[in-house]
Amino acid sequence: MGNKQSSFRTLRSMLALAVVALLAACNGQQKAPADNKPEEAMVADSTTVSTSFADLVRAEARAALDSTFAATEEYAATRRQYEAVEEKMLDSMDETEWAIYQLETAKRALDINGRHFASHTDEMRDPLNQKLMATYSRKLREAQMRIVTLKLTDTQRARVDSINGK
Numbered sequence: 088m089g090n091k092q093s094s095f096r097t098l099r100s101m102l103a104l105a106v107v108a109l110l111a112a113c114n115g116q117q118k119a120p121a122d123n124k125p126e127e128a129m130v131a132d133s134t135t136v137s138t139s140f141a142d143l144v145r146a147e148a149r150a151a152l153d154s155t156f157a158a159t160e161e162y163a164a165t166r167r168q169y170e171a172v173e174e175k176m177l178d179s180m181d182e183t184e185w186a187i188y189q190l191e192t193a194k195r196a197l198d199i200n201g202r203h204f205a206s207h208t209d210e211m212r213d214p215l216n217q218k219l220m221a222t223y224s225r226k227l228r229e230a231q232m233r234i235v236t237l238k239l240t241d242t243q244r245a246r247v248d249s250i251n252g253k
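What the sequence shown shows, in our numbering, is residues 88 to 253, in sequence order.
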């Protein structure tokens, strides 16, 4: 069991580094994530959102495999952290822009993890990694469905189409 946890921690670290590197390359210089800061001092930027999103997906995947985890403080704290990031982001953008941003974040995370597991197929034997990919896919579908319900401008529609690869 300890070896699996070590492998999961290593994978989690690699994924977090890959997300941060990709975001830094795509978005220029970024501020450091707001780890362990009070919510008021949190910086809501793409790195913070991506990290918080990845943590939430991992927690949801783990909770799907272990229902007792869903009742832990760790799970609740992960959800609260993502909600705090979401609230902070809504200070600087409207709900439609946030929904598009969530779509972009979910798509990027699924693509990064999909490429990783495509080249590390042995890691997909782990049920947690299988559930992780299923959770990333579900989050992307949820983001896409939320977009469908919104009234988008032509520019926003073009951005959504670009994210979806149309």
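Just so it is clear, CB atoms sit at the ideal spot from N, CA and C, and this is done for glycine as well.
The structure displayed is predicted, hence computed values, not measured ones.
Could you round the C-beta distance between residue i and residue j to whole angstroms and report it? I think they count as a contact, below 8 Å.
{"i": "A141", "j": "A193", "result": "Actually they are not in contact, since the Cβ atoms of A141 and A193 sit about 11 Å apart, beyond 8 Å."}
{"i": "I187", "j": "V247", "result": "6 Å"}
{"i": "L190", "j": "A221", "result": "Not a contact, Cβ separation roughly 18 Å."}
{"i": "L239", "j": "A148", "result": "In fact, because the Cβ distance is near 30 Å, the residues do not count as touching under 8 Å."}
Can you list, in chain order, the residues of its chain whose CB lies under 7 Å from that of residue i, leaving out five sequence neighbours each side?
{"i": "T165", "result": "D142, L143, A146"}
{"i": "Q243", "result": "T183, I187"}
{"i": "E211", "result": "At residue 211 the sequence reads Met, which differs from the Glu that was named. Within the same chain, M211 has close Cβ partners F204, Q217."}
{"i": "F156", "result": "R149, A150, Y162"}
{"i": "P214", "result": "L152"}
{"i": "V235", "result": "none"}
{"i": "S224", "result": "L197"}
Closest to residue i by C-alpha separation, out of the options, would be which residue?
{"i": "M232", "options": "T138, D241, N251, S137", "result": "N251"}
{"i": "T134", "options": "R167, A150, V172, D153", "result": "V172"}
{"i": "A86", "options": "S249, D241, Q217", "result": "Here the chain comprises residues numbered 88 to 253, so residue 86 is not present and cannot be evaluated."}
Going by the beta-carbon positions, is the gap between residue i and residue j smaller than 8 Å?
{"i": "L227", "j": "T183", "result": "no"}
{"i": "Y169", "j": "S139", "result": "yes"}
Once you ignore the five residues that flank residue i on each side, which residues in its own chain have a CB closer than 8 Å to its CB?
{"i": "L177", "result": "W185"}
Quick one: residues in its chain with C-beta nearer than 6 Å to the C-beta of residue i, no 5 flanking neighbours on either side, listed in chain order?
{"i": "R202", "result": "none"}
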